[in-house]
Every structure is written in structure tokens, then in C-alpha cells.
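So the sequence shown is numbered by the numbering used here: it starts at 3 and just counts up by one. Backbone N, C-alpha and C fix where the C-beta goes; we use that ideal spot for every residue, glycine too. Quick caveat: nothing in here was measured; it's all calculated off a predicted structure. Report on the following structure.
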Amino acid sequence: MKSTIQLKICGLQPGDDLSFTEHPAVTHIGFIRVPASRRCVSREAMGSMVDDVRNTVQTVAVYVDESPETILAEREMAHFDIVQLHGKESIADCSYLRQQGLRLWKSISVKNFTSVEDVNAQIAAYSGHVEAVLLDAMPSSPRQFELQPSLTGGNGEVFDWNILPQIKTTPASPNIWVAGGIRPENAHQLLNIFRPIGIDVSSGVEKNGRKSNERIDQLIKAVTSDVGPK
């Protein structure tokens, strides 16, 4: 039986032990197709790993400001399930890709001084255009963002989760995912504040820069514990 909180392990690389995908709590895995990221994989490697887990989990390809034509071509080759747009992609871009039959998630970068009104406005703007929005932490260092503007997330930083209970959704709103600095040690804190449909974790389940099945198991135990608001 799947956990009531969906769990995405992101940033998989060739050579990672994918046996964790057999655990029913893990619902999605992600592959980074952003050259500036140390976790970027080739489209060929992504396609091979997608084939390896096709019958166990949903697969997500992550792009930052990539052309729709490239995304469609890579989807045709690698056959992943979902596209996650993590840049400044417009609503028009999302609508076009959705019209081509793609399932879309859109990230919203949250700074610690971002108002909940702004977050709600962005969620509302993407309603009807994407399947889910993923709230992720914007890099806190201006210098980091200046040097690598395409790295809009995946930095292991946490935003202020206290804004989450003020998120307003309707039956037509996209599903809400939360990312940014989530680890086995703090997952219960997030779930005590807010219960999104899912959480997205990368560096929080790594050891020495690679995915650790031990850390993933610890996260699964934290996520599947009976905690958090119902």
C-alpha cells in the first residue's frame, strides 16, 4: 500500500542502487537534465534508468528553461512519465506542452521573505495548466544564483514552512509538493506543519554526493509515521 504522502527521490545518477524503488512508499524518482547541475545525467542514461523502473515508480525529468522542442524529443526517446519545469517557463509554454500530451509539474521558488499572497497567486496562475506545483527554496546566496542562475532549486536549503498552512487551494488547483532541504531528521517537522500531497528529496538522502539507501529508508520511516495534521 502506498504512503498517504507521496515521495519523490530526485537526482538519480547511473550506478545508483535503485532497489529502493521497490518500496511502496516511493512513488516517483527524478532525473536532472540541467547541465549546470552536478546531478545532470545524459538523456541516454535517463532512458536506461527509466526502463529499469518502469513498472515500479513514476519517472520525472527535470528541466530549466529548456525549449519545448527538446523536451518533446527527449520524451519520445526516454519515455519518462512527467516533466518538471524548474525555471522561468511561461504559462504559454506549459499550455503548449500539455497540449502535446505531457504531464507537467511547475516549480515555484520560495524565498524566506516571499509573501503567502504571492505564492497563492502563482499557484492560481498555473491552475489548469499543470498537474502539480512544487514549492522549493530559492538559493539564499545572491552570489550562488548569479553564478548559476539555472540552479533554481536542489540546493539543500529550507524555506519558511510556516507559510504553508496559509496556502489556498480549490478543487481545480494543482497538487502541492514541497521540496528544499528535507531530510529524515526534519521531515516530521514539515508534516507537523503541513501535509502536501508529496515531498521531493535529493541531497537529504545522499552520502558523499550519492544516493544512500540507508538514508532513503530513514526518510521512508519518517514520512510513513503517523504524524502531521490530517
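Residue j and residue i - do their beta-carbons sit closer together than 8 Å?
{"i": "residue 222", "j": "residue 27", "result": "yes"}
{"i": "residue 35", "j": "residue 48", "result": "yes"}
{"i": "residue 33", "j": "residue 63", "result": "yes"}
{"i": "residue 165", "j": "residue 128", "result": "no"}
Quick check: what's the CA-CA separation for residue i versus residue j?
{"i": "residue 160", "j": "residue 83", "result": "27 Å"}
{"i": "residue 76", "j": "residue 130", "result": "24 Å"}
{"i": "residue 194", "j": "residue 169", "result": "15 Å"}
{"i": "residue 2", "j": "residue 226", "result": "This structure cannot speak to residue 2, because the chain is shown only from 3 to 232."}
{"i": "residue 85", "j": "residue 136", "result": "12 Å"}
{"i": "residue 174", "j": "residue 124", "result": "14 Å"}
{"i": "residue 45", "j": "residue 224", "result": "32 Å"}
{"i": "residue 104", "j": "residue 78", "result": "11 Å"}
{"i": "residue 112", "j": "residue 212", "result": "26 Å"}
{"i": "residue 116", "j": "residue 190", "result": "23 Å"}
{"i": "residue 171", "j": "residue 140", "result": "22 Å"}
{"i": "residue 1", "j": "residue 126", "result": "Nothing can be reported for residue 1, as the shown portion of the chain is limited to 3 through 232."}
{"i": "residue 181", "j": "residue 58", "result": "22 Å"}
{"i": "residue 138", "j": "residue 202", "result": "9 Å"}
{"i": "residue 24", "j": "residue 167", "result": "32 Å"}
{"i": "residue 18", "j": "residue 196", "result": "31 Å"}
Got a sec? Which residues, its chain only, sit under 7 Å from residue i by beta carbon, not counting five neighbours each side?
{"i": "residue 8", "result": "29, 30, 199, 200"}
{"i": "residue 132", "result": "96, 106, 107, 108, 176"}
{"i": "residue 214", "result": "207, 208"}
{"i": "residue 220", "result": "186"}
{"i": "residue 60", "result": "29, 30, 83, 84"}
{"i": "residue 99", "result": "70, 73, 85, 106"}
{"i": "residue 102", "result": "74"}
{"i": "residue 218", "result": "11, 22, 207"}
Going by beta carbon distance, what residues of the same chain come within less than 8 Å of residue i, once the five residues before and after it are set aside?
{"i": "residue 4", "result": "Note that residue 4 scores a pLDDT of 45, beneath 50, so its modelled location is shaky; the value from the coordinates is reported in the next line. Here the set comprises 26, 27, 29."}
{"i": "residue 43", "result": "14, 15, 16, 33, 34, 35, 51"}
Following a CB-centred definition, is residue i positioned closer than 7 Å to any heavy atom of the ligand FAD?
{"i": "residue 98", "result": "What this structure holds is no ligand at all, so the ligand FAD is not there to describe."}
I'd like the list of long-range same chain contacts for residue i, defined as Cβ closer than 6 Å, with 5 residues on each side in sequence excluded.
{"i": "residue 134", "result": "107, 176, 177, 179"}
{"i": "residue 158", "result": "183, 205"}
{"i": "residue 53", "result": "none"}
### Message
List, from N- to C-terminal side, the beta strand (DSSP E) runs of 3 residues or more that fit wholly inside the segment 155-227.
### Response
177-181, 200-203
### Query
So does the segment 58-68 actually touch the segment 88-96, counting three or more Cβ pairs closer than 8 Å?
yes
### Message
Does the segment 185-199 come into contact with the segment 115-128, if we say contact requires no fewer than three beta-carbon pairs (one atom in each stretch) closer than 8 Å?
### Response
no
### Ordered list of alpha helix (DSSP H) runs contained in the segment 50-85, each at least 4 residues
70-80
### Task
Kindly provide the ranges of any alpha helix (DSSP H) runs that are 4 or more residues long and lie completely inside the segment 80-144, ordered along the chain.
93-101, 118-128
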